[in-house]
Every structure is written in structure tokens, then in C-alpha cells.
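Student: I have a structure I would like to understand better, so I am pasting it below and will then ask my questions one at a time.
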Amino acid sequence: AYDTAVTSLSVAYWFTPSDVLETGITVIHTNPANEPPDLPAGYHFRPPFGWMNDPNGFGRFGGRPHLFYQHYSHGRIWNNMHWGHAVSSDYLRWRHLPVFLFPSEELTVRPDKRGGAFSGSAIARTDGPGIRVFFTEKIADRIPEQEIQLTATSTDLFSAGAAEVFLPRRPDGEGLTFDFRDPYVFRGPDGLWKMLLGSQSDTGGVVLLYETEDNTAASGWVYVGKLYTETRYETSALECPCLLPMDGDYRDPATRWALIYGLMNGEDKETGRRNLTMIDIGWFDGRSFAKSFGRELDFGTDNYAFQAFVDGNTPVGIGWLGNWADTGPTVDFPSAMTLPRTLVLEGDTLLTPPIGAAESLRARMLDRTRLASGQRIELPNGAAEITFELSEAGGAFRLEFDHPEIRLAIAQHEEGLEILHGYLDRPEEPPGPRYLAKAAGARRLRVFLDYGSLEIFADGGRVAGTKRIAGFEAVRAARLVAEPGVVVNATVWSLRL
Ligand code: FRU
């Protein structure tokens, strides 16, 4: 049923592409056999069907934010990748559009090979209307070049034209293994087009840099070198790199840039969390990156493959609300993206708050109250925002949710800010990773609950944590446990779906 729906959306032009961009098509949930019919609605972006991972080609095109994403429509599992597609006006309410890129024909004939249209990026075309996308095609047993880079254009922002290979091999003599993917294309300070690719070398995960004068020419891309090599964490590849100017014009040498990358399999030994996403701030002269400081993007760590671009003057990004270390269960759990975030530099502090428009999600203020230890707040089912203001900066507290199945709390203590997560019926279960941000105590917190997730932003996004958690629709209350003297002003909003 899904195939029919998507195919007819793609080919039956009783809607013109601009009709769809203007008015949207209501995609009817056809509930294929492996889709539970009763997933509650949420306010995070979700695909109309099936599985989703990384955001791709995130940008503003034709005046609107567009989001493409890694998609498998036939079930809630990762499989041969397509690019799903949606358009928005405010990054929060999205219209689903037809599938934009399909796996190569080889995979249709031999689905056991696995791969497809992997992650990549999009830019406004420089040789006509519309966009140009760059992506990796992966075919698992095409030895040795499993991962090659392709480009395609779309003049109507609706369907992609034929894809063309522009980088058929990885560079020689760099000790690179087979990972070679996720092209991110942008304009460099020297006016050349730059491309980052994630790869793995015999000395660790690397980000590779290419450049060209003409992004439309398949032969023009020249390898510059390794832009970044990971040395702190043992990783396999670095994935989904992205680089964007943060606080000024991209041509100004004083402008600081943010380099973002995912540590595939990299483990933080102290907490046991894996696949962290890192964000480094520094200067980019077109050929090298001089790091000033950096931090983890998110301590959750269900915020992976984060992709960002500068919208006007504001850096905006979005991540996959998931992590390869813990993708299941996928059958009763929706694929989702994080809330979109802005990236803000305040001196040498990086803030990643939810985008300003997220306040427009607030439907009704349900409570505004002063809480002392032992007191409870009522919560609506599923979608809510709670804000917390502590009477003293760094005050220790725990907010314990009445969850039907799990032990769940947000805690601030001497080590930092933590999401505590365990099982009510399996107290003996060996502890998993610790979702802990080692950070100075916060004064203000914003907590977003949705069906399937919890996101915390401390002190305007100085620290952010995102965790997939099933069953929030059944959570009706939370209880504060705090040190004597610590008082919390709490506000609870129900959110619009
Ligand atoms: C990151 C990633 C990318 C790859 C994609 C495949 O989550 O592994 O490196 O392109 O997912 O779906």
C-alpha cells in the first residue's frame, strides 16, 4: 500500500509540484502489516511510514526549510536507503513530500547486497533554479569501492533528476579503509566549493576535505587532505561531518566555524556512552581547521548525524533522535528527529537551545508553581514542556517521573546533570551507560517530553541531553526530591501536536 501511495504521489501529477509545496498532500497512514496502527502523534518530526535515521540536505530552498532524511519505508528497520523529504515554514510543522532519492537499481535486483542512497547534503544550484544534492551510494559487496559519491539536481524541489557519479574512489596513500561517505558541500572563505567526507584511516576516524571551483562538474573535485583526525576516542569512521560559519561572514578570517562529526563506535570510557556527536569551534581558512574549543553536542546521546546550515544569520541544525548503539525496539517505537536547535556562540561558550519558534508549540500553561522537596507536578499525557528555575545555581535535585515501566529521573548533583534510566521490574539489570553531562550546576532547565523522547536544555543550551524513552503518554506526574532549601519554580505547558 505504501509503494502505491508513494509512487502515485511521485508520478501522478494531478497535483503540480508547486501545488504540493504550497498546500501539501495529506499522506494517509496506510498501516502496512509491520506498522502498529496506534502510535500516538508527537510534535517531533517523524516519517510517514517506516524507518528514518540521519537528516540530509537540510537547508532553506525556495524560501522554505527542507528536510531530507535516510528512509526505509517498508518497515521499522534499517534497510536499503532512500531519501525521504519534507518541507516546512517554521521547522516544526512539516509536510511530507514524495521520496526524493531511491537506491540504485542494482539493489532492487539484489536487495541482499544492502546499501542505497546514503547521507549527504544539498545546496542551492549555481547553474539554474532548484537544488543540487550530493550523497553517497553504498553497495555492500562492490569491492573495493563500496562507497562512491553521486550528485543530482532538482529544478522543482520535488523530484530528483538522474544521479551522476562525481567521486568514484577514495584518495590513495592516506591509509583509508572502506568508509568514505556523507558528502557535505558548502562555500569556503576563499570562494571555492568545499566538501567534507567522513572516513576511517589506520590512525583513527578522519574528516577529509575536497575542493572545486565548479560544483556542477563531475571531474572538478580535488582532494586537499585530512581536515581532522580523531585522537581522543577510539572510533571506526567519523560520520556525517559538517562545517559552518558561526558568528560572521564566511569570507571573514575572524569568523569562527563549527565542525560537527559523529564518532562511529567511539566510546566514552567513563560513562559507557557510544557514538557521541562532537562539535568543535575554531577557524577555517579554506584548507585547515584550527580548533579553539569543543564539546559534546548532546549527552543523551540520542542526537546523531546532526546537520546544520546558516539560515540568514542563524546557524540551525537538527539530529536523528537515535543512536546506533540502541536503535531498538523499532517496532513499537517511532523514528524521529530531535527538536531543531540554533547554535549560538557567547564568547567561548557554545549554546544549543531549541529554535525560538519552539515556544509556539506551547498550547496551554497547565501549572506554575513553587516546588519544594517531596512535592509533585501533574503532567499531561505525552507532549509537554516543563521549565525549572532553581533558587540557587547548581542546587542538587532529582525530578522523578511516574513512568509505568521504567525508573526515570533527571538529576543535578555534584558530578553534573544526568538522565537516570532503569527498569522497575529488573532492578538487578546491570547498569547501562550513564547519561551524564559533566558540567557546572545549572540554574534554568527546559525539559521537553514527547511520545518517545526526553530533551533537556540547561541554561539556554549550555548543556543539552536527548534520550529516546518510550511510554511518556502514560506519565501523569513527576516528583521533586531536593536538598533542603532548594526551591524550584516549575511551569508546565501542554504542547501542540
Ligand atoms: C550515520 C550513517 C551514515 C550513513 C547512513 C546510512 O548514521 O551511518 O554514515 O550515510 O547512516 O543510513
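The number in the working numbering is simply the position in the sequence shown, starting from 1, with 55 added.
Here a beta-carbon is modelled for each residue, glycine too, at the ideal position from N, C-alpha and C.
Predicted model, so just to flag it, every value in this text is computed and none were measured.
1) Determine the closest residue to HIS140 out of THR163, PHE104, LYS168, with distance taken between C-alpha atoms.
2) Just the Cα atoms here: how many angstroms apart are GLY260 and VAL543?
3) Less than 8 Å between the C-beta atoms of GLY341 and GLU289, yes or no?
4) Does the stretch 319 to 333 come into contact with the stretch 427 to 437, if we say contact requires no fewer than three beta-carbon pairs (one atom in each stretch) closer than 8 Å?
5) My output table needs one value for SER390: the three-state DSSP class, helix, strand or coil.
6) Helix, strand or coil for LYS193, going by three-state DSSP, please let me know.
7) Identify whether LYS493 lies in helix, strand or coil by the three-state DSSP scheme.
8) Quick check on the DSSP output: the beta strand (DSSP E) that includes LEU299 runs from which residue to which?
9) Do the stretch 398 to 409 and the stretch 502 to 517 meet, that is, are 3 or more Cβ pairs less than 8 Å apart?
10) Sorry if obvious, but does the Cβ on ALA218 come closer than 7 Å to a heavy atom of ligand 3?
11) Could you work out which residue in MET107, PRO120, PHE155 is closest to PRO370 when comparing CA atoms only?
12) Which residue marks the beginning of the alpha helix (DSSP H) containing LEU416, and which one marks its end?
13) Should PRO296 be labelled buried (16 or more other beta-carbon atoms within 10 Å of its own) or exposed?
14) What I want to know is whether the C-beta of CYS295 ends up closer than 7 Å to one or more non-hydrogen atoms of ligand 1.
15) Can you list, in chain order, the residues of its chain whose CB lies under 6 Å from that of THR271, leaving out five sequence neighbours each side?
16) Using the C-alpha atoms, what's the distance from GLY327 back to THR356?
17) Can you give me the start and stop residues for the beta strand (DSSP E) that GLU202 sits inside?
18) Drop a sphere of 10 angstroms on the beta-carbon of ILE83, count the other beta-carbons inside from all chains shown, and report buried for 16 or more, exposed for fewer.
19) Confirm, please, whether the CB-CB distance from ALA172 to LEU156 is below 8 Å.
20) Kindly list the residues whose CB is nearer than 8 Å to the CB of GLU77, restricted to its own chain and excluding five residues on each side of it in sequence; keep chain order.
21) Please work out which residues of its chain come closer than 6 Å, Cβ to Cβ, to GLY477, disregarding the five sequence neighbours upstream and downstream, and give them in chain order.
22) With GLU473 as the anchor, note down where its beta strand (DSSP E) starts and where it stops.
23) Looking at the structure shown, is VAL547 part of a helix, part of a strand, or coil, going by DSSP?
24) Decide if PRO158 is buried, meaning its Cβ has at least 16 other Cβ atoms within 10 Å, or exposed.
25) Should VAL164 go down as buried or exposed, given a rule of 16 or more other Cβ atoms within 10 Å for buried?
Tutor: On the basis of the data shown:
1) PHE104
2) 43 Å
3) no
4) No, the stretch 319 to 333 is not in contact with the stretch 427 to 437.
5) coil
6) strand
7) coil
8) 293 to 300
9) As far as the Cβ criterion goes, the stretch 398 to 409 touches the stretch 502 to 517, which means the pair count is three or higher.
10) No copy of ligand 3 appears in this structure; the ligands present are ligand 1.
11) That would be PRO120, whose Cα lies nearest to the Cα of PRO370.
12) Taken as a continuous stretch (DSSP letters only), LEU416 belongs to no alpha helix (DSSP H), as it is neither H nor E.
13) buried
14) yes
15) ASP182
16) 11 Å
17) For GLU202, the enclosing beta strand (DSSP E) has its first and last residue at 202 to 209.
18) Residue placement at ILE83 is flagged as unreliable, the pLDDT there being 34, under the threshold of 50; the coordinate-derived value follows with that caveat. It is exposed - the Cβ of ILE83 has fewer than 16 other Cβ atoms within 10 Å.
19) Their beta carbons are under 8 Å apart, which means LEU156 touches ALA172 by this criterion.
20) Residue placement at GLU77 is flagged as unreliable, the pLDDT there being 45, under the threshold of 50; the coordinate-derived value follows with that caveat. Result list for GLU77: empty, nothing under 8 Å.
21) ARG462
22) 471 to 478
23) strand
24) buried
25) Exposed, since its Cβ has fewer than 16 Cβ neighbours within 10 Å.
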